[in-house]
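Numbering (the working numbering), first residue to last: 86 to 411. The beta carbon of each residue, even a glycine, is placed where N, CA and C say it ideally should be. Keep in mind the model is a prediction, meaning the values are calculated, not measured. Below: the structure, in structure tokens.
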């Protein structure tokens, strides 16, 4: 059991810590995944965006859809036992592919934080965007989770004649206040592992959909920031795509490869997507409904994490073992 208070979660002293995560969840579709997630007995659930499909400028519509999800039987049972944190993507933000131009982002932010049960006096209620950071303690190790907001300050994109995004070469995603906050989180962190979450993918750069690579200056700034601050055990997590995959990338100056785990498709997935090119991918492209699991383990003098994507039956679809320290 965890104690969750004002952005910090502290686990009881032990050698294992389990985080489950996922995205793309239609509140009006069957949700069989919660049963499988509950069987994992996670210490934490992390939403990575499209937590509902709100898609409305009417805040009463968004509120009603959040309430539908909050009262879904399987999800309600999970959240009665497991703390929940999260960020958002476009559909729960309020409008498909929307960025900083969305006129109802302030009101939408409060509804999202209501759904996440953020305290009324939380600083997160007053800032522009729902980014947040949390620390989780094992016996002698700490895992920091940093959740970014890639909607509230995102610059605009245009599409070409085949409706693929045209990169905004100088465009930004996070906004200066969030960049400064992120640098402070990384620079001052004493954690032994860092999970950085985004609604859209960080590493893949070949597909025509939403991704950090559509904003190459912002993507470079992020990887340069990792190289500058050198956080221990940085790993990326993302959603949005209705697929799952592991990507692995060398970041110049960081000293170790960075993994990204995309988990997207709790209620629906891109079953027709069977061969999308991603030069960074390791393992299969997962095009069935699934969720992700981090299992951090502290044993003797080693600290490692097992990362899995799992299907509705709870069986692994792909697994990676990552050594964080020896």
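Own chain partners of residue i with C-beta closer than 8 Å, once the 5 adjacent residues on each side are dropped
i           : result
residue 144 : 189, 192, 193, 196
residue 127 : 103, 104, 105, 167, 378
residue 260 : 185, 213, 214, 237, 238
residue 340 : 315
With 16 other Cβ atoms within 10 Å as the buried cut-off, status of residue i
i           : result
residue 228 : buried
residue 174 : buried
residue 380 : buried
residue 245 : exposed
residue 293 : exposed
Proximal residues to residue i (C-beta, below 6 Å), its chain only, five neighbours per side dropped
i           : result
residue 230 : 219, 280
residue 117 : 397
Residue i - partner residues in DSSP beta bridges
i           : result
residue 112 : Partner(s): none; residue 112 has no beta bridge.
residue 160 : Paired residue(s): none; residue 160 is not in a bridge.
residue 334 : 343
residue 39  : Nothing can be reported for residue 39, as the shown portion of the chain is limited to 86 through 411.
residue 383 : 388
residue 133 : 172
residue 328 : DSSP lists no partner for residue 328.
Inter-residue Cα distance where the pair is residue i and residue j
i           : j           : result
residue 181 : residue 141 : 9 Å
residue 397 : residue 375 : 6 Å
residue 357 : residue 270 : 39 Å
residue 217 : residue 121 : 27 Å
residue 355 : residue 342 : 28 Å
residue 110 : residue 254 : 31 Å
residue 130 : residue 170 : 6 Å
residue 240 : residue 252 : 11 Å
residue 335 : residue 311 : 11 Å
residue 250 : residue 276 : 37 Å
residue 177 : residue 370 : 25 Å
residue 326 : residue 345 : 13 Å
residue 307 : residue 124 : 35 Å
residue 419 : residue 232 : Nothing in the structure corresponds to residue 419, since the chain is present only between 86 and 411.
residue 139 : residue 155 : 14 Å
7 Å Cβ shell around residue i - same chain, five flanking residues per side excluded
i          : result
residue 47 : What the structure shows of the chain is the stretch from 86 to 411, and residue 47 is not part of that stretch, so it cannot be assessed.
Taking only runs that begin and end inside the stretch 252 to 290, name each unbroken alpha helix (DSSP H) of 4 or more residues, in chain order.
261 to 272
Which whole runs of the beta strand (DSSP E) in the stretch 197 to 262 are 3 residues long or more, in chain order?
217 to 222, 227 to 232
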